[in-house]
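Please read the structure below before turning to the comments.
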Amino acid sequence: MIATSFLEISAKAYRQNIRYIRSEIGPKPTISAVVKGNAYGHGIAEMVQIAEKAGIRHFSAFSSDEAWLVKHNSSKNSEIMILGMLYHEELEALIKAEISFYVFDFERLEKTVEVSKKIGKAAKIHIELETGFHRTGFEWEEREKLVQFLQKTKEHVILEGLCTHYAGAESVSNFVRVKNQISVYYRFKDYLSENHIFFNRYHTACSAATLIFPETIMDMVRIGIAGYGFWPTKETYFAKLKDLSKTNKNPLRRLISWKSQIMSLKKVKMGEFVGYGNSFMALKNMKLAIVPVGYGHGYSRLLSNSGQVLIGGQHCQVVGTVTMNAIAVNITQLKNVQVGDEVVLIGKQKSKEITVASFSESTQQVNYELLTRLPKDIPRKIIP
Ligand SMILES: *Cc1c(COP(=O)(O)O)cnc(C)c1O
1 MIATSFLEIS AKAYRQNIRY IRSEIGPKPT ISAVVKGNAY GHGIAEMVQI
51 AEKAGIRHFS AFSSDEAWLV KHNSSKNSEI MILGMLYHEE LEALIKAEIS
101 FYVFDFERLE KTVEVSKKIG KAAKIHIELE TGFHRTGFEW EEREKLVQFL
151 QKTKEHVILE GLCTHYAGAE SVSNFVRVKN QISVYYRFKD YLSENHIFFN
201 RYHTACSAAT LIFPETIMDM VRIGIAGYGF WPTKETYFAK LKDLSKTNKN
251 PLRRLISWKS QIMSLKKVKM GEFVGYGNSF MALKNMKLAI VPVGYGHGYS
301 RLLSNSGQVL IGGQHCQVVG TVTMNAIAVN ITQLKNVQVG DEVVLIGKQK
351 SKEITVASFS ESTQQVNYEL LTRLPKDIPR KIIP
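Numbering (UniProt numbering), first residue to last: 1 to 384.
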């Protein structure tokens, strides 16, 4: 089977991003590569391979299905951590496979201990603290019960981590909220230490926290978006610009390129409409290229009459509506265009480039969303 488009994933760009993050955090902390959301759309199998070659030995998945995918594609000595969803029925298999997971309430804690006892193997757990994100995590009010429980069940759990997640470290407007979260985390950590409960790793930082709040780095950082070469927000980038002025270069490199080819060519006369409805009328005689990528492939309908692609090293605009499987682009200005010519949806062609940022600004999606919406079945090709 040959797909209508494909994604290229640059291993070299990833190595550069990891080098940059390493330079920010120093030699000691572990980098956990966050590969939830099909590795932010890059493909879990491909990213595990690329990351291990770049020296990464720790992976974070959202759910157990993703964790198993990492397991099947990783080397024996890589650690795997689940940040979110798992079913109680899976605990036995996860504990046996030494996949660690977040525990954020007493129900999961009790079930975990129950299964550990039954199979005679201690579970590797990360205790998640509620510090202000208000999604998951143990509350400060639950601290005494938590301590009692952990002291009582010491031989059934390995306390791999004490963790939390920040609500909006990527924006200065959340500065106070994040600072508060950091202090709540430390208050909780101190309380647990005073009660002789210690963890192998203390970890709290996502990409934005790592880059903007260095005090959150601790023993491990959980790096998602920056590893894939994107700043969590423009603000994060601006906040780092001063440090970066020495080299005058953005240290993060996009891994992903999205390419297709021209399926067919079409001439349209002045006054004719293109595609469904009447959203685009040709104001002069035009030449169009039909590209076999549509909203069913993750190319947002919001790009109707506004998206751009690269053909022959030139920007060409989408005309008419994005349909399920195809777009039409204006190539009137180009010469010698042929069926089969390369079309770049994201990435470089000759001296021109279409970035995910420009793409997601025009679709009002943030980088994260655009990437994770790229369908799993578009083939991914690793470029060394
Ligand atoms: C997604 C996620 C991360 C990574 O976030 P980025 O902003 O992509 O670096 C880290 N920690 C947790 C708990 C997450 O859910």
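Using N, Cα and C, we set each Cβ at its ideal position, and we do this for glycine too.
What I want to know is whether the C-beta of residue 226 ends up closer than 7 Å to one or more non-hydrogen atoms of ligand 1.
yes
Check whether the region 248 to 258 touches the region 221 to 240, taking contact to mean three or more Cβ pairs, one atom from each stretch, closer than 8 Å.
yes
Whole-Å CB distance - residue 77 paired with residue 227, under 8 Å assumed:
So it is not a contact: roughly 20 Å between Cβ atoms.
Ligand 1 and residue 222: does any heavy atom of the ligand fall closer than 7 Å to the residue's C-beta?
yes
By Cβ distance, which residues of its chain are closer than 6 Å to residue 10, with the 5 residues on each side in sequence left out?
255, 383
Thinking C-beta only, is residue 276 closer than 8 Å to residue 216?
no
Nearer than 7 Å: is that true of the beta carbon of residue 36 relative to any heavy atom of ligand 1?
yes
On a CA-only basis, which of 372, 209, 188, 150 is nearest residue 123? Give me that one, please.
150
For residue 369 and residue 351, I'd like the C-alpha separation in whole angstroms.
27 Å
Where in the region 32 to 79 do unbroken runs of the beta strand (DSSP E), each at least 3 residues long, occur, reported from the N-terminal end onward?
58 to 61
Helix, strand or coil for residue 135, going by three-state DSSP, please let me know.
coil
Does the Cβ of residue 207 lie closer than 7 Å to at least one heavy atom of ligand 1?
yes
Can you list, in chain order, the stretches of the alpha helix (DSSP H) that have 4 or more residues and sit fully within the region 130 to 196?
143 to 152, 175 to 194
Among the candidates 372, 136, 287, whose CA atom is the shortest distance from the CA of residue 166?
136
Pick out the complete beta strand (DSSP E) segments inside the region 8 to 32, 3 residues or longer, and give them in chain order.
none
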